[in-house]
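J.: Next up is a structure, given as structure tokens.
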Amino acid sequence: MNMRDKGVASALALACATAAGCYGNDASAFPPGLEPWEENTAPMPTPTADDACPEVLSFGEDFVFHGQLPTGRAYHANAVHARGCIHQPMSVVWEAIQDPLVGKDQTTVNEFMVIDPPMPEECDGLYQSQINAGPSPFTVDFRLCWRMEVAEGTDDLPTLTATRWQKVWGSSALTVMEGSLVAHPLESDPSITVVEYQYHLDAVSSSAETIHNYLGVIYQRLVDRAHDRPLP
């Protein structure tokens, strides 16, 4: 191969590494369970003189998560933990968590559709969301399965809820895309709800900043939904 051919090959390899069109679609088994993967290391939002827990999202240190796919293949993913508060009781926040639009990142999504009931061969959760995201022409298609359950208390008066979601079908450019949300009342003031996020992402052209942006969006949408504000 001459220098010109090597240059062309390198350019094509770089283009394939950044373009969704070089990847096919595949299915990803969703292992059973609702519990988060690790102990959440994010700090609580810093209290103020008149607010025990402000409505802000506080992030822990970014790290690399070492996991294993259901196929047995090991993987390494960018991982982020976060904690925030919502000035509404658990019953209100739990209802908001179950709204499929809360998980939509309107800053990156081109098309969004809720599949309810979900496809049984892909998802055993409450519903699925089908998404096309990314800047044209390098967009990706994928489906997420959303599981959620009251872990303690009742549907009307929950005291602990657990939610897990994961990519179950879509572009192989997204090797791992999985999240966890735990909600419970603030111990010092049960009229405030604490939400705890964990997220793992192994995807082409992504970073921990990608996760920060996504969690920031879906947290704010959850806050808005809990306060009955319209979602964009």
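Number 244 marks the last residue of the sequence shown (my numbering); no jumps.
Glycine included, C-beta positions come from ideal geometry on N, C-alpha and C.
Quick one, which of Asn122, Ser141 and Glu123 has its alpha-carbon nearest proline 130's?
T.: Taking only the C-alpha atoms, the option nearest proline 130 is Ser141.
J.: State whether the stretch 112–125 contacts the stretch 221–233, with contact taken as three or more CB pairs (one from each stretch) at a distance under 8 Å.
T.: Touching, yes, given that three or more Cβ pairs across the two stretches are closer than 8 Å.
J.: In terms of residue numbering, what span does the alpha helix (DSSP H) encompassing aspartate 214 cover?
T.: Counting along the chain, aspartate 214 falls outside any alpha helix (DSSP H), though it belongs to the beta strand (DSSP E) covering 201–215.
J.: Per DSSP, which residues does leucine 198 bridge with? Please list them.
T.: Paired residues: Asp201.
J.: Do glutamine 178 and tryptophan 49 have their C-beta atoms within less than 8 Å of each other?
T.: No, the Cβ-Cβ distance between glutamine 178 and tryptophan 49 is not below 8 Å.
J.: Less than 8 Å between C-beta atoms, sequence neighbours within five positions excluded: which residues of the same chain meet that for threonine 151?
T.: Around threonine 151: Ala32, Asn122, Asn144 and Ala145.
J.: Going residue by residue through the stretch 85–111, where are the continuous alpha helix (DSSP H) segments of at least 4 residues, counting only ones entirely within it?
T.: Correct list: 102–109.
J.: For arginine 233, which three-state DSSP category applies?
T.: Helix, per DSSP.
J.: By alpha-carbon positions, which one of Asn52, Val105, Thr120 and Glu107 ends up nearest to valine 92?
T.: The candidate whose alpha carbon is nearest that of valine 92 is Asn52.
J.: Please state whether DSSP places threonine 187 in a helix, a strand or coil.
T.: Looking at threonine 187 - three-state DSSP - the assignment turns out to be strand.
J.: According to DSSP, which residues form a beta bridge with tryptophan 177?
T.: Tryptophan 177 is bridged to Trp158 and Gly191.
J.: Only counting the same chain, and skipping five residues up and downstream in sequence, which positions put a Cβ closer than 6 Å to that of serine 40?
T.: Cβ within range, chain order: Lys179 and Val180.
J.: Taking the Cβ atom as the reference point for each residue, do threonine 175 and arginine 159 lie within a distance shorter than 8 Å?
T.: In contact: threonine 175 and arginine 159 (Cβ atoms closer than 8 Å).
J.: Should proline 55 and arginine 85 be called a contact, given that it needs their Cβ atoms to be closer than 8 Å?
T.: No, the Cβ-Cβ distance between proline 55 and arginine 85 is not below 8 Å.
J.: Between which two residues does the beta strand (DSSP E) containing asparagine 144 stretch?
T.: Taken as a continuous stretch (DSSP letters only), the beta strand (DSSP E) holding asparagine 144 covers 139–145.
J.: Kindly indicate which residue of His196, His224 and Leu227 has the alpha-carbon position closest to the one of alanine 163.
T.: Comparing Cα positions, the closest option is His196.
J.: Give me, in chain order, the residues of the same chain whose beta-carbon lies closer than 8 Å to that of threonine 60; leave out the 5 immediate sequence neighbours on both sides.
T.: So the qualifying residues of the chain are Pro66.
J.: Use the C-beta contact count for leucine 227: other C-beta atoms within 10 angstroms, 16 or more gives buried, fewer gives exposed.
T.: Under this definition leucine 227 is a buried residue.
J.: Can you tell me whether aspartate 214 is buried or exposed, with buried defined as 16 or more other CB within 10 angstroms of its CB?
T.: Under this definition aspartate 214 is a buried residue.
J.: Just verifying my parser: in three-state terms, what is the DSSP assignment at leucine 113?
T.: Leucine 113 falls in the helix class under three-state DSSP.
J.: What span of residues does the beta strand (DSSP E) with aspartate 62 cover, start to end?
T.: Here aspartate 62 belongs to no beta strand (DSSP E), and DSSP marks it neither H nor E.
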